[in-house]
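S.K.: Once you've had a glance at the structure underneath, I'll fire off some questions.
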């Protein structure tokens, strides 16, 4: 008898959007088990990004969409345990667990990435932030090492409507190659590697003492250089090098399926191959589960079911390799509270249930 069944086939979600629905109970570990299971107790959990000061209405929306974990991005003024504890308790009152509170001022920060004046002060702020997470009972955070992703033309060159008429992020390398230097000069690969090593070796001992795991997000878009700044985290070999530098069980991947899809064949492994390579080693800490219409040199973000990736195969790989953690939609055309967000969450939940059902039949 299958352990997992569909509790409801169609659920009315926001704005009349219906999606294949919720499984009874929480996920249990799939076969085979990875080397390190993390803090979740086993299985694939559904998460999403939530506002720094969420209203009851917003939390009710996500609860009704089946969200089990939340991730929040906010600013340095909220990098304190009091805010984090208060927010965690509010989410828990709506039956949503808090996965992470990230600090935008310390994430993809050019001072850290380019080793600019003030870098030591920024690193110390990050070390203190890890202590705040520990005091708030938060055991995970995401980090990325890109200097210019917060500068709009280096992240998207425009917006285009998807097949359902919703405006979506678009990127065209032909346009991006003519962009000016984002930080005044060219920064080569080894400069960025040196700044990463300086950062990660300073923060990992603090992360270990505080029981916090750090997941490294790939460079988005995954091109060799953008705006004159090298982008180094775009191959499996680069991730292996980062893991060797960190030399810690508390360091792994925040694997963005959508970013990897953007890169296509040039990245060396498909998203499914990346999951099967890093998953059994217990190095996948969090998954960004999104899709794009085509790989570089030009792509547009899509709903999870309309891109070129077979997302059922991606989910199946996560289940078969025993991924224990949270998957989030990351970017949804139209925004986190739009009808498409509810559609996406329902679709992801159905893919998860189908993948587990297939394992039960095997």
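Numbering (our numbering), first residue to last: 55 to 416.
Cβ atoms here follow ideal geometry from the backbone N, Cα and C, with glycine treated the same way.
(1) In three-state terms, what does DSSP make of residue 208?
(2) Along the chain, where does the beta strand (DSSP E) containing residue 99 start, and where does it finish?
(3) With a threshold of 16 other CB atoms inside 10 Å of the CB of residue 111, please say whether the residue is buried or exposed.
(4) Return the Cβ separation of residue 275 and residue 350 in integer angstroms, given the expectation that the two are a contact with Cβ distance under 8 Å.
(5) Exposed or buried, residue 249, counting other C-beta atoms within 10 Å across all chains shown (16 or more means buried)?
(6) From which residue to which residue does the beta strand (DSSP E) around residue 359 run?
(7) Excluding sequence positions up to five away, which residues of its chain have a Cβ less than 6 Å from the Cβ of residue 223?
(8) Is DSSP giving residue 196 helix, strand or coil here?
(9) Would you tell me roughly how many angstroms separate the C-alpha atoms of residue 386 and residue 357, rounded to the nearest one?
(10) Throw me the rounded Cβ distance for the residue 97 and residue 196 pair, which I believe falls under 8 Å.
(11) Using the Cα positions of residue 370 and residue 401, report the straight-line distance between them to the nearest angstrom.
(12) Can you list, in chain order, the residues of its chain whose CB lies under 7 Å from that of residue 288, leaving out five sequence neighbours each side?
(13) Have a look at residue 85 and residue 381 and give me their C-alpha separation to the nearest angstrom.
(14) With DSSP run on the structure shown, which of helix, strand or coil describes residue 346?
(15) Would you please state the rounded distance, in angstroms, between the beta carbons of residue 114 and residue 383? I believe it to be under 8 Å.
(16) Can you check whether the CB of residue 144 is closer than 9 Å to the CB of residue 106?
(17) What residues in its chain sit with their C-beta under 7 Å from that of residue 161, if we drop five residues either side in the sequence?
(18) Among the candidates 326, 281, 335, 414, whose CA atom is the shortest distance from the CA of residue 297?
(19) Taking the continuous beta strand (DSSP E) assigned at residue 399, which residues delimit it?
(20) At what residues does the alpha helix (DSSP H) containing residue 297 begin and finish?
(21) Does DSSP put residue 274 in a helix, in a strand, or in coil?
(22) How is residue 249 classed by DSSP in three states: helix, strand or coil?
(23) Exposed or buried, residue 217, counting other C-beta atoms within 10 Å across all chains shown (16 or more means buried)?
(24) If you draw a straight line from the alpha carbon of residue 125 to that of residue 155, how long is it in whole angstroms?
(25) Is the region 223-241 touching the region 171-187, taking contact as three or more C-beta pairs under 8 Å?
(26) Just to confirm the assignment, what range does the alpha helix (DSSP H) spanning residue 118 have?
(27) Here's the rule I'm using: 16 or more other beta-carbon atoms within 10 Å means buried, otherwise exposed. How should residue 406 be labelled?
(28) So, with DSSP's three-state summary, where would you put residue 337?
(29) Starting from residue 324, trace the beta strand (DSSP E) in both directions and tell me its first and last residue.
(30) Which residues bound the alpha helix (DSSP H) around residue 132?
(31) If you draw a straight line from the alpha carbon of residue 326 to that of residue 309, how long is it in whole angstroms?
(32) What residues in its chain sit with their C-beta under 7 Å from that of residue 323, if we drop five residues either side in the sequence?
(33) Quick check: residue 315 and residue 362, are their CB atoms within less than 9 Å of each other?
(34) Rounding to the nearest angstrom, what Cα-Cα distance links residue 118 and residue 233 in this structure?
(35) I need the straight-line Cα distance from residue 140 to residue 319, nearest angstrom please.
(36) What is the rounded straight-line gap between the Cα of residue 376 and the Cα of residue 410?
M.R.: By the coordinates alone:
(1) helix
(2) 98-103
(3) exposed
(4) 6 Å
(5) buried
(6) No beta strand (DSSP E) holds residue 359; DSSP gives it neither H nor E.
(7) 210, 355
(8) strand
(9) 6 Å
(10) Residue 97 to residue 196, Cβ: 20 Å. No contact.
(11) 14 Å
(12) 272, 273, 276, 317, 321
(13) Caution is warranted here: a pLDDT of 35 is assigned to residue 85, below 50, making its placement in the model unreliable, and no coordinate value can be reported.
(14) strand
(15) Not really, about 18 Å apart at Cβ, beyond 8 Å.
(16) no
(17) 197, 198
(18) 335
(19) Here residue 399 belongs to no beta strand (DSSP E); instead the alpha helix (DSSP H) covers 393-415.
(20) 290-300
(21) coil
(22) helix
(23) exposed
(24) 6 Å
(25) no
(26) 110-118
(27) buried
(28) coil
(29) No beta strand (DSSP E) contains residue 324, which DSSP labels as neither H nor E.
(30) No alpha helix (DSSP H) holds residue 132; DSSP gives it neither H nor E.
(31) 11 Å
(32) 290, 331
(33) yes
(34) 43 Å
(35) 44 Å
(36) 10 Å
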